[in-house]
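Undergrad:
In the working numbering, the protein residues as written are 5 to 151.
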């Protein structure tokens, strides 16, 4: 009986994964993320919530006299209240610097009704900053002062 020849078995290496498309995809995603992040993070107006919402049952000492001399409230009908009194919005640019000059910290307090257009609030913030307010404090009131 003739001897069988053994077939030579070629050892093949396992195919290597092609990492080209993977690296292209991750690079593309990274670039898209880097381009879209400036649109997600807005700058300009920084709002910090007070600690009053966290502390409900804390007994507070007697209130100190506030240094805030400019307290503005904007109503939905366009009426502007300056320090709890109705005031002509056209005269605000003249009176705001005088009131801020009497204040040490030069802070202004701004509040508005829920129906007030954001553009009006932003214009008021710009006016206060332009006339010398170092900080504009934005406050949400439970009840409107408007008639």
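Glycine included, each C-beta is placed from N, C-alpha and C at the ideal position.
As the structure is a prediction and not an experimental result, all values here were calculated from the model.
Which same chain residues end up closer than 7 Å to residue 90 when comparing Cβ atoms and leaving out the 5 residues on each side of it in sequence?
TA: Cβ neighbours of residue 90 beyond the five flanking positions: 83.
Undergrad: What span of residues does the alpha helix (DSSP H) with residue 84 cover, start to end?
TA: Careful: residue 84 lies outside any alpha helix (DSSP H), inside the beta strand (DSSP E) at 84–86.
Undergrad: What does DSSP give as the partner residue(s) for residue 143 in the beta ladder?
TA: 115
Undergrad: Buried or exposed: residue 12, going by 16 or more other Cβ atoms within 10 Å of its Cβ?
TA: exposed
Undergrad: Exposed or buried, what is residue 102 when buried is set at 16 or more other beta-carbons lying within 10 Å of its beta-carbon?
TA: exposed
Undergrad: Could you tell me the distance, in whole angstroms, from the CA atom of residue 126 to the CA atom of residue 75?
TA: 16 Å
Undergrad: What residue from 121, 123 and 114 has the CA that sits closest to residue 143's CA?
TA: 114
Undergrad: Based on the DSSP secondary-structure assignment, which residues constitute the bridge partners of residue 74?
TA: Paired residues: 112.
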